[in-house]
Amino acid sequence: MKVKKTIAGAFAVLAVLATTACAQNSTFGGSSSSSSSSKVAIAVMYPETGQYAEYGKMFKQGLDLGVEQVNGKGGVKGKSIELKYYDTQSDPKQTAAIAPKIASDSSVVAVVGDYSSGASMAASPTFQQAGLVHYGFNNSAADFTSTGDHVWTPQYSQDDFQAQVADLVAEKAKKISAVYIENDWGKAAYAAFKKEALAKGIDIAYESSFLADSTDLSPILIPARDAHPDAIVHVGYGPDGALVINTLRDKLGYTGPFYGGQITNEYITTSGKNGEGTILMAPFTTDTTNPNAQKFVKDFRAKYKIDPGEFNQTSYAAIIDLAYGMNKTSPTRAGVQKALQTVTDFPCYVGNKTTFSFDQKTRRMSSTSFLKLQLKDGKFQVMN
Amino acid sequence: MIDTLITGFMHGNAYAIVALGMSLIFGVSNVANFAHASVFGIGMMSGWWLGSVLDLPLIPTLLLVMVITGVIGLLLNTLVVSPLTGRPAVAALLATIGVGMILDNISQMMFDTPTRTFPALLPSHNIEMLGVRFGTSDIVMLILTVIIMAGIWFFLKHGKMGQAIRATSQDTEAARQMGIPVKRIQNLSFVIASSLAGIAGVFVGMFNSNVSPNTGSSVGMTAFIAATIGGLGSMPGAVAGGFTLGIIESVGVYIFGDGAHDLITYGALLIILIIRPNGLFGGKQVMHEPMAGSFSGGAKAYRIPKWLAPILIIAAAVSPFLASDYFSSVGIQIMIYAIAAMGLTLVSGSAGQVALGQAGPIALGAYTSAILVGRFNVPFLIGVVCGGLVAAVLSGIITFPIWKLSGHYIAIGTIGVGAVTVALIRIAEPITKGSLGITGIPFPKIFGFTLFTPQFQYIMVLAFLLIELAIIMRIRSSHLGKVIESIGNDPVAAESIGIRTSAYKALAYAIASFFAGIAGALMAHQYTYIDPSMFPFAMSSLVLTIAVLGGLNSPIGTIIGAIVLVGSPELLRFMSSGRIIVYGVLLILIILFRPQGLFAKKE
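Line by line, the protein sequences are chains A and B.
Add 331 to the 1-based position in the first sequence for the numbering used here, that's all there is to it.
Add 834 to the 1-based position in the second sequence for the numbering used here, that's all there is to it.
This is the structure:
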């Protein structure tokens, strides 16, 4: 009973406290005033460690290159950009915890990242309340920007993209088997693909999702092969794409066309000979015809001595675009938001267009075009 | 269909060869070695490095890998497992989870993160049969599995050292008295088992062909389930379990698709354990006390002086208004995990049952409240309480058959329950939106007032925590609490005076799940977005570890455990990439030096 009394007493105190606290009216994130120092910061939430560390590494390469170039050209309105990295392991418990720390750091004018939508969206509400732009350059989830008007993503809509993929498949195949990764992105992407594929009259003879950590996909690829499709379609990422094509070619003796994989060195090297001939649709490739992207590829190779992939490109472009916007407005939180709302000629690194603007309703990149690519001689090359 | 069976058989062989080492360690040291998966992973990655970077052929690669993993095994036993001898089994279990965390991170730092191709040390796709191709490597792996199984079996049965190993595993104390050098025997079995993990790494690497430092943990977990299905400690069981699971998975996935993979794997585990509580080949376990038993028996929670309690509570309530928003947001995470873990002082503390699947009830609470409040506009507080109730009822039902099991089978059974719960949420797409996740979950709103600042949320979560603390302390001091405690202290005596132990364990678990569900609901409204991937096994092991580190007999200790385990990754942020390793070391040190928990004294 003693315990009960003590706790009851404490509650009384608490109640008083809570009421006095109301008066204080503090908000998430504190003030958003700009500082007058010579630097502005962009905060990065990314997986430096943990199971997504490979993506974190690719992000960092792109981001670092972007900042180096912006600062080399005088920064934004005379201030240099500094990146503040926060390792989150792409874990929502960690992004939610770190978000107020970022929001209350008045040198931060924008936040980029995280890798997964779950981790990103756990932090968005805090940034929204603080009037700080959350620029989720990797977050293509359909509802990502729904948290509020300060949440943006340069990711094109999966509906547009997958519809074009389905059109590409329909050019050659009437009957397909399809496998897709079981997560928020894969599910939405496949639904969009399927809708267009059915509209084009494609017969989907077999379909199954797969979990990201499955190590043997034969049990779904055997029926996929046995459905005698004109082509097999994979919607997913590099490592699982390589597993799918390696299993199909090495274990199951499938020789038909394959649509899928991903433009990463990881996919190209782990699929090796089996990956040759892989067809996919992509916003970016190292042989791109887009002049902005060509320059990026050249600079990236010079700095890192390897070919950039899509994750390098999106993270690089995030910095370039935010800097471009701030130069048109001001290097402040409000400036970033205003730039995303008003600037209509952000440098574009995807597809064929050289500039893009944001669709103000969805806060995503307005529609863009994509490249049709085929893996030949260890490189994704533009198809004619 | 025959081709599916062949691939299932081959994949099962990969599980079997990993499961053998796990079963050997379990048989000799009675330790569920969760680090085995990571040792296997390091074997795989060093095999990749030796075979492709150094271009060594098969035999030298195998020998070097065996040396590397054997040394890791020896260190694992001498530094971590052996010092925990005589302590409750849950201590060693959690310590090996910590070691696994460290090894996985070291592997990532040493070998880098990308997925890559394992070198073809043997031809791996040169034989075609009935529509599938496999290779010399698969045949060699099959022969090796059989040889290793028979070799160990023969060695244990007839070798002098082997007989000593068996004697040690049956009764460590008696063996010691008969002059058997128990320490050396246990070292030996860790070295053998870990070298086997290395060999398995090389062959499974060739089988999978694509490897990364993450592969170890996913294959290793399934192999653990295979060893459990076969019967922990049994060599033929490990092999039979591996093949059984491989075939069940491939046939199940063939029929239902790979999206149901977890449901098939963990569902098979639960069904087999319900039918055969000691696995396919396991003998009846001799378990004198529950896994967590002496955690409560040997320790007594510190008491907070009467005058200090209100001061602490006021300090906790005032501090967010004096500190930064960051303090509040970290505080919220800490308190939510404390809420999730505190109930375990009844299940694992009083009743002595290790529960490693709390991500299940947490997910149920999160989804219930997210759907009720978000879709049906139910008031926030009602949504949260319903989250707790649904978690208590559903988790209670799914977990009920588990309480008939004993010892480690309960721990692994609860892992299965946690995974099955999340897999069911993934599949129940019309209700839960499956993998797409639920977005736009409303912020907490009490009596029409939205708690939009971290300080308000902090106070609200603190209120939940204190209410739970009061309820749990009241239960522990009540008649019900004493009954539950009697089960933990002496299950046989409890049964003999007419206590239905299964029913009380289930009741204790339902209470713990109720609060885990509340924690999940609070989480959902704080993150505003949830999807099934946010409730992994790592969450379950974190929750149990919080309860154990704080002191299983001390509800207040849970809060301290949460401060250390959820707070320290934030405090360690300055050291960047090494922080998870330091975190793992910290975890192990606490288990080694404060086995009774941070907030309890030894009796």
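Virtual Cβ for every residue (Gly too), placed ideally from N, Cα, C.
Excluding five sequence neighbours on each side, which residues of the same chain lie with their C-beta closer than 6 angstroms to the C-beta of residue i?
i, result
"S700/A", "G682 and N683"
"Y585/A", "R556 and L579"
"R716/A", "Coverage of chain A is limited to positions 332 through 715, which leaves residue 716/A absent and any answer about it impossible."
"G885/B", "T895, P953 and L955"
Taking Cβ positions only, does residue i come closer than 9 angstroms to chain B?
i, result
"A573/A", "yes"
"A352/A", "Reliability of the predicted coordinates at A352/A is poor, the pLDDT of 40 falling under 50, and the value obtained from them is presented with this limitation in mind. Chain B, which has a Cβ nearer than 9 angstroms to the Cβ of A352/A, makes this yes."
"P456/A", "yes"
"K432/A", "yes"
"E513/A", "yes"
"T478/A", "yes"
"S545/A", "yes"
"Q425/A", "yes"
"T609/A", "no"
"M696/A", "no"
"A519/A", "yes"
"S539/A", "yes"
"D395/A", "no"
"V510/A", "yes"
"G584/A", "yes"
"Y377/A", "no"
"S437/A", "no"
"D676/A", "no"
"G381/A", "yes"
"I594/A", "no"
For residue i and chain A, any beta-carbon pair shorter than 9 angstroms?
i, result
"H1313/B", "no"
"F1349/B", "no"
"R1018/B", "no"
"I1397/B", "no"
"V1164/B", "yes"
"G965/B", "yes"
"D1096/B", "yes"
"R1209/B", "no"
"Y1136/B", "no"
"E1404/B", "yes"
"D889/B", "no"
"H870/B", "no"
"T1078/B", "no"
"V974/B", "no"
Assuming residue i contacts residue j (C-beta within less than 8 angstroms), just tell me the rounded distance between them.
i, j, result
"G1222/B", "G1384/B", "Rounded, the Cβ-Cβ distance is 21 angstroms, inconsistent with contact."
"L1303/B", "P1389/B", "6 angstroms"
Identify the contact partners of residue i in chain A, using a Cβ-Cβ distance below 9 angstroms as the criterion.
i, result
"N911/B", "The premise fails here: N911/B is roughly 27 angstroms from chain A at the closest Cβ pair, so nothing lies under 9 angstroms."
Under 8 angstroms Cβ to Cβ from residue i, same chain only, skipping five residues before and after it: list those, please.
i, result
"L956/B", "L892, G969, T970, S971, V974 and M1040"
"A427/A", "A453, A454 and T457"
"G1064/B", "A853, S857, P1070, G1071, A1072, V1073, A1074, G1075, G1076, T1078, G1113, L1114, F1115 and G1116"
Tell me which residues share the same chain as residue i and place their Cβ nearer than 7 angstroms to its Cβ, disregarding the 5 neighbours each side in the sequence.
i, result
"P1429/B", "R921 and A925"
"A984/B", "none"
"G1131/B", "Reliability fails at G1131/B, whose pLDDT of 48 lies under 50, so the model's placement of it is uncertain and no value is given."
What in chain A is Cβ-close to residue i, meaning under 8 angstroms?
i, result
"T949/B", "E385, G569, P570, A573, E597 and T601"
"F1277/B", "P456"
"Y1088/B", "P550, I551, I553 and P554"
For residue i, return the contacting residues in chain A, with the cut-off set at a CB-CB distance below 7 angstroms.
i, result
"N1044/B", "P570, A573, L574, N577 and T601"
"T1273/B", "M452, D474 and S477"
"M1368/B", "P423 and G449"
"L1270/B", "D515, K518 and A519"
"Y1363/B", "G449, M452 and A453"
Interface residues of chain B around residue i at Cβ under 7 angstroms?
i, result
"P614/A", "Within 7 angstroms Cβ-Cβ: nothing; P614/A doesn't reach chain B, min ~22 angstroms."
Below 8 angstroms on C-beta distance, what does residue i contact in chain B?
i, result
"A536/A", "Within chain B, no residue comes near A536/A; the closest Cβ sits about 14 angstroms away, beyond 8 angstroms."
"Q489/A", "Those do not exist, as Q489/A stays about 12 angstroms from chain B at its closest Cβ, beyond 8 angstroms."
Length at least 4, wholly inside the stretch 851 to 902 of chain B: the alpha helix (DSSP H) runs in chain order: Restricted to the stretch 851 to 902 of chain B, the alpha helix (DSSP H) segments that are unbroken, complete and at least 4 residues in length are 870 to 882, listed in chain order.
My parser needs the beta strand (DSSP E) runs of 3 or more residues fully inside the stretch 673 to 715 of chain A; what are they? For the stretch 673 to 715 of chain A, whole beta strand (DSSP E) runs of length 3 or above, ordered along the chain, are 702 to 707 and 710 to 713.
At 4 residues or longer, what runs of the alpha helix (DSSP H) sit wholly inside the stretch 1203 to 1267 of chain B? If we require 4 residues or more, the alpha helix (DSSP H) runs fully inside the stretch 1203 to 1267 of chain B come out as 1214 to 1233, 1242 to 1261 and 1263 to 1266.
Counting only runs that start and end within the stretch 485 to 518 of chain A, where is the beta strand (DSSP E) found for 3 or more residues in a row? Runs of the beta strand (DSSP E) inside the stretch 485 to 518 of chain A: 506 to 512.
Can you list, in chain order, the stretches of the alpha helix (DSSP H) that have 4 or more residues and sit fully within the stretch 1328 to 1377 of chain B? Within the stretch 1328 to 1377 of chain B, the complete alpha helix (DSSP H) runs of at least 4 residues fall at 1335 to 1361.
Counting only runs that start and end within the stretch 571 to 653 of chain A, where is the alpha helix (DSSP H) found for 4 or more residues in a row? Qualifying alpha helix (DSSP H) stretches, in chain order: 596 to 606 and 622 to 635.
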